[in-house]
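I have placed the structure first, in the form of structure tokens, so that the comments after it can refer back to it.
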Amino acid sequence: MSRLPMGIYDDLDNQTQPVFYIDPVSTNIVIFGDHATGKTSFLKTLLIRMHECIDPSRQTDIHIADFGGNLGMYEDLCQVSACFSSANEENIRRIFKTLDKKIQNNQMILRSRRFLDVYNSDAEEKPVHIVLVIDNVNAFLADERYEIYHEELLAYCRDGLAKGLSVIFTATDISGGLGRFMGSFSSKFAFAISQDKYVEIFGSRVFEHMSNPGRGVSVIGGKLREFQAFLPFAEEETELKEFIEMTGQIPVKTEKMRVFDRNLTLDNYDKYVSSAYVEGENEDNISVGLDYYEHMPITINLNTVRSLAIYGKKGFGKTNLLRVMINAIRTKHPDYSFVFFDDGREQLMEFYDKSRPDDKYFTEMQDMVDFVTENGYYRTSKEKAKTVTRPPTVFVLQNKNMFNTKGEILMKQKIPEIIGSAEDNKCWVILAHMRKFFGANARETEIAVNSSLFGVFLLDNIAEFAAERGTGSVFGEMDVKELKAQYARCELGDGYFYNVESDDLQKLKFIKIDKDDGSKKK
Numbered sequence: 033m034s035r036l037p038m039g040i041y042d043d044l045d046n047q048t049q050p051v052f053y054i055d056p057v058s059t060n061i062v063i064f065g066d067h068a069t070g071k072t073s074f075l076k077t078l079l080i081r082m083h084e085c086i087d088p089s090r091q092t093d094i095h096i097a098d099f100g101g102n103l104g105m106y107e108d109l110c111q112v113s114a115c116f117s118s119a120n121e122e123n124i125r126r127i128f129k130t131l132d133k134k135i136q137n138n139q140m141i142l143r144s145r146r147f148l149d150v151y152n153s154d155a156e157e158k159p160v161h162i163v164l165v166i167d168n169v170n171a172f173l174a175d176e177r178y179e180i181y182h183e184e185l186l187a188y189c190r191d192g193l194a195k196g197l198s199v200i201f202t203a204t205d206i207s208g209g210l211g212r213f214m215g216s217f218s219s220k221f222a223f224a225i226s227q228d229k230y231v232e233i234f235g236s237r238v239f240e241h242m243s244n245p246g247r248g249v250s251v252i253g254g255k256l257r258e259f260q261a262f263l264p265f266a267e268e269e270t271e272l273k274e275f276i277e278m279t280g281q282i283p284v285k286t287e288k289m290r291v292f293d294r295n296l297t298l299d300n301y302d303k304y305v306s307s308a309y310v311e312g313e314n315e316d317n318i319s320v321g322l323d324y325y326e327h328m329p330i331t332i333n334l335n336t337v338r339s340l341a342i343y344g345k346k347g348f349g350k351t352n353l354l355r356v357m358i359n360a361i362r363t364k365h366p367d368y369s370f371v372f373f374d375d376g377r378e379q380l381m382e383f384y385d386k387s388r389p390d391d392k393y394f395t396e397m398q399d400m401v402d403f404v405t406e407n408g409y410y411r412t413s414k415e416k417a418k419t420v421t422r423p424p425t426v427f428v429l430q431n432k433n434m435f436n437t438k439g440e441i442l443m444k445q446k447i448p449e450i451i452g453s454a455e456d457n458k459c460w461v462i463l464a465h466m467r468k469f470f471g472a473n474a475r476e477t478e479i480a481v482n483s484s485l486f487g488v489f490l491l492d493n494i495a496e497f498a499a500e501r502g503t504g505s506v507f508g509e510m511d512v513k514e515l516k517a518q519y520a521r522c523e524l525g526d527g528y529f530y531n532v533e534s535d536d537l538q539k540l541k542f543i544k545i546d547k548d549d550g551s552k553k554k
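Just so you know, the numbering used here puts the end of the sequence shown at 554, numbered straight through with nothing missing.
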């Protein structure tokens, strides 16, 4: 990428108005200004110039944190990997995680060499030019949700250029702690602001300049000079659309970071799934949603995952998750039978199909215990194995009495034994609404159940859950501070899947389906 023409400046010594340029590969840039003075237009012009000078042999990935709410129209530019507003906290965190990965990849390529030397060379493998744009950085720094990223952002500004990362800010002033970042910015531009702010930015007073939009001051050629910035377009909406279509024909490697802007459904699933995903033919994989960061499917393999538990808030999607899993299993394996166990409140009634002769629905504890014992799902060590002809069976258990004294025998002994022999008996167990255990043997029961689980879903804010209600669950031993730093609060439809055996925790957006959508399930 060559130097980019951004406007003209007043060269009073020679009575001329030459063009001034910016090289975003080798400098960090900060743009100051009051409301409607031209700073966002300057940023837009910079984005357009970066696309006018595309070199397909050199990759540039631009990541925009749009805290000003003015850049949404520019998200379709071919080198813009992400353009996220502040509305969804998780998306901003995704930007920082993505930057870390790309910086690490650059460092592996550079091997202690200077970024510009390798980037501008004819080497077959070049590092990526990574760009972080924060429009209205004052709002970002003032938002307590992102305090954990302040030091990381400072490191980006201080050390990023050597690793291929350029940082671009727009701001109203250096308040809110922005001042400590300024030593890393060699390119500073200021549109109309008060005199004291000019002094803070440039260290000197500025003569009053023309007040028309786009007029500002910057250090150009070693002197503080007035400039007039170019506009990105004369007719932004029409010309931008045409420009995006034109530049979209240029082959670039920038991969778009997808964003969930609505519920994930069967109809829009293909829109959100990562382009890197290649659909397999394994009929025993059922997809429950997409990973929040890579947008890869979160799947449950029925060959290996024999037991699942669901924790979550009321109204946060537990029944919907059950619907996704049950519909998927019935679609892929119509011969499987289901055994439902609730406490009489008919919470599972929507899933019970009386026309299926092998399906069962119980509400009494003793009936459930008798059924699993008589049909060979459970046996004591002294009993011989029973030869029972029955279809593969999915147990769906949602009875509050399982968690008190009445349920100790079932939960402490029989359920772990059913799960332990599930592969031989061709069965699965879904604990549809896990709660805290009560009773004389509560801790022993918790240990027995937790040690038998293959996977656990949580539809709640994980840090809060682990701190307040996680005792006795598989989440109880997790580091709450680390969870707060790593994951944002959940929106409706968000949650987590924890693979107990691999100790792998993933945040995901669950597929949302209605009662009648089973036939369409992927």
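Every residue, glycine too, gets a C-beta built ideally from N, C-alpha and C.
query = What did DSSP end up calling V310 once you bin it into helix, strand or coil?
reply = Per DSSP, reduced to three states, the secondary structure at V310 is coil, with no helix or strand assignment.
message = Judging by CA-CA distance, which residue of F147, Y528, K392, E267 is the nearest neighbour of Y325?
response = Y528
query = Looking at the structure shown, is S319 part of a helix, part of a strand, or coil, going by DSSP?
reply = strand
message = Does T421 pass the burial test, meaning 16 or more other C-beta atoms within 10 Å, or should it be called exposed?
response = exposed
Range of the contiguous beta strand (DSSP E) that encloses G527 = Run containing G527: 526-531, per the beta strand (DSSP E) assignment.
Alpha carbon of T69 to alpha carbon of N244, nearest angstrom = Linking T69 to N244 through their CA atoms gives a straight-line distance of about 8 Å.
message = Cutting at 8 Å between CB atoms, please list the residues of its own chain near I330, excluding the five before and the five after it.
response = Cβ neighbours of I330 beyond the five flanking positions: S319, V320, G321, L322, D323, F529, Q538, L540.
key: Range of the contiguous alpha helix (DSSP H) that encloses G452   = 447-452
query = Which two residues bound the contiguous alpha helix (DSSP H) that contains L185?
reply = Element bounds for L185: 182-191.
key: Reference D26, options V371, K229, Y106, closest by Cα   = Nothing about residue 26 can be reported from this structure: the residues present for the chain run from 33 to 554 only.
ask   = Identify the residues that DSSP records as bridge partners of F372: which are they?
value = Beta-bridge analysis with DSSP links F372 to Y393, V428.
ask   = Where in the segment 77-123 do unbroken runs of the beta strand (DSSP E), each at least 3 residues long, occur, reported from the N-terminal end onward?
value = With a minimum length of 3 residues, the continuous beta strand (DSSP E) runs that stay inside the segment 77-123 are 92-98, 112-117.
query = How do the segment 119-128 and the segment 64-83 stand: do at least 3 beta-carbon pairs fall below 8 Å, yes or no?
reply = no
query = Can you give, in chain order, each stretch of the beta strand (DSSP E) that sits fully within the segment 208-238 and has at least 3 residues?
reply = 219-222
M466 versus I342, Y53, I63, residue with shortest Cα-Cα distance = I342
message = Taking the beta strand (DSSP E) that D367 belongs to, which residues open and close that run?
response = Unbroken run through D367: none, as it is neither H nor E.
ask   = Ends of the beta strand (DSSP E) at M38?
value = 36-41
inquiry  = Am I right that F223 and F64 are in contact with their C-beta atoms under 8 Å? What's the rounded C-beta distance?
reply    = 7 Å
message = Rounded to whole angstroms, what is the Cα-Cα separation between S144 and L164?
response = 22 Å
ask   = What does a CB cutoff of less than 8 Å around Q227 pick up in its chain, not counting 5 residues either side in sequence?
value = R237, V238
query = What are the complete alpha helix (DSSP H) segments, minimum 4 residues, inside the segment 457-496?
reply = 474-482
message = Between the alpha carbons of C189 and E269, how many angstroms are there, rounded?
response = 32 Å
query = Would you call the CB atoms of I447 and V461 closer than 9 Å?
reply = yes
ask   = To the nearest angstrom, how far is it from the Cα of F556 to the Cα of L272?
value = Here the chain covers residues 33 to 554 and nothing more, so residue 556 does not appear.
request  = Figure out for me which residue from Q379, P424, V512 has the closest Cα to the Cα of D390.
outcome  = P424
inquiry  = Could you check whether the segment 171-184 touches the segment 36-47, counting it as contact only if at least three pairs of C-beta atoms, one from each stretch, sit closer than 8 Å?
reply    = no
inquiry  = I need the straight-line Cα distance from L298 to E157, nearest angstrom please.
reply    = 39 Å
key: Cα-Cα separation, D293 to M278   = 26 Å
request  = Could you tell me which residues DSSP pairs with K541 in its beta bridges?
outcome  = L322, D526
ask   = If K20 and V160 are in contact, beta carbons under 8 Å, what's the gap, nearest whole angstrom?
value = What the structure shows of the chain is the stretch from 33 to 554, and residue 20 is not part of that stretch, so it cannot be assessed.
query = R510 to L340, Cα distance in whole Å?
reply = Note that residue 510 is Met in the sequence shown, not Arg. C-alpha separation (whole angstroms): 19 Å.
inquiry  = So C115 and D98 are supposed to be a Cβ contact under 8 Å. How far apart are they, rounded?
reply    = 6 Å
task = Measuring alpha carbon to alpha carbon, tell me which of L197, R377, F221, L173 ends up nearest R212.
result = For R212, the nearest C-alpha among the options comes from L173.
request  = Check R294 in the structure and name its three-state DSSP category.
outcome  = coil
inquiry  = Between which residues of its own chain and L75 is the CB-CB distance below 8 Å, once the five residues before and five after are set aside?
reply    = I63, L103, V165, D167, I200, T202
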